[in-house]
Every structure is written in structure tokens, then in C-alpha cells.
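I have placed the structure first, in the form of C-alpha cells, so that the comments after it can refer back to it.
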Amino acid sequence: MVIKQYQIVLVNLDPTIGSEMKKTRPCVVISPNEMNKYLQTVVVAPMTSSSKVYPTRVEIHHNDKKGWIVLDQIRSLDRQRIIKVLGDISDKEIIKVKEVLKETYVD
1 MVIKQYQIVL VNLDPTIGSE MKKTRPCVVI SPNEMNKYLQ TVVVAPMTSS
51 SKVYPTRVEI HHNDKKGWIV LDQIRSLDRQ RIIKVLGDIS DKEIIKVKEV
101 LKETYVD
């Protein structure tokens, strides 16, 4: 399965510990395509359909549903956890994700 940056993928996140987001849910691929091409791990940010407004959450719309990319719960996982590709986020949403990632993790 070809995995590309900014795709939405369905992932089994279990087992988890404590406050980690759990169960099978959509996630957005954060790792760049060069990494995705060669490594057996992928960096993702889980998504949720219910969230309060936080500076580390990006609102998106996919398949006529509103959701949030949870950039404060980024994790690496083995690509075996990926069940299927669900689609892509929009160019506007990609820009917002990049802004939040830079603001949160850089500098």
C-alpha cells in the first residue's frame, strides 16, 4: 500500500496507555513521502469527531463530516496498523496543519 503525506488513513491505534487516543480511527499522515517510501513506520496525527477548540487541533471536513486533526497526539506507528486509505485533506487544510506544526514544534 502506498502511503502519502497528508492522506487520511484508517488506523488501529490499540493498545494504548493512559490519555493516548485509542480504537480504530482516521489519522492524517504527517511524515514526508521520502520517509513513507522507505521506512516501515509512518508518523500520523489521529483525528476525532468531537473536540474543544485547542491551538493544536485543526478543523477539517471530509465526506461531509466535520472533524479535527489532533496535532498534540502525533505518533509513529508500524504501517501494519493502517487498514486502508480514506482520502486526502484539502490544500487549505494542509496549509493550516503546517502552520500549527511549525508554531507548536519549531522554535
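Position one of the sequence shown corresponds to residue 1 (my numbering), numbered consecutively onward. Ideal placement from N, C-alpha and C gives every residue a C-beta, glycine not left out. These numbers were taken from a predicted model, which means no experiment stands behind them.
Inter-residue spacing [alpha-carbon to alpha-carbon] between residue i and residue j
i      : j      : result
VAL106 : LYS84  : 31 Å
GLN80  : GLU103 : 31 Å
MET35  : THR16  : 24 Å
ARG25  : LYS37  : 23 Å
VAL29  : LYS66  : 18 Å
ILE89  : GLN7   : 6 Å
VAL100 : TYR54  : 11 Å
With 16 other Cβ atoms within 10 Å as the buried cut-off, status of residue i
i     : result
MET1  : exposed
PRO46 : buried
PRO32 : exposed
Unbroken alpha helix (DSSP H) run spanning residue i, endpoints
i     : result
LYS92 : 91 to 105
GLU34 : 33 to 38
Range of the contiguous beta strand (DSSP E) that encloses residue i
i     : result
LYS84 : 82 to 88
As assigned by DSSP and simplified to three states, the class of residue i
i     : result
LEU71 : helix
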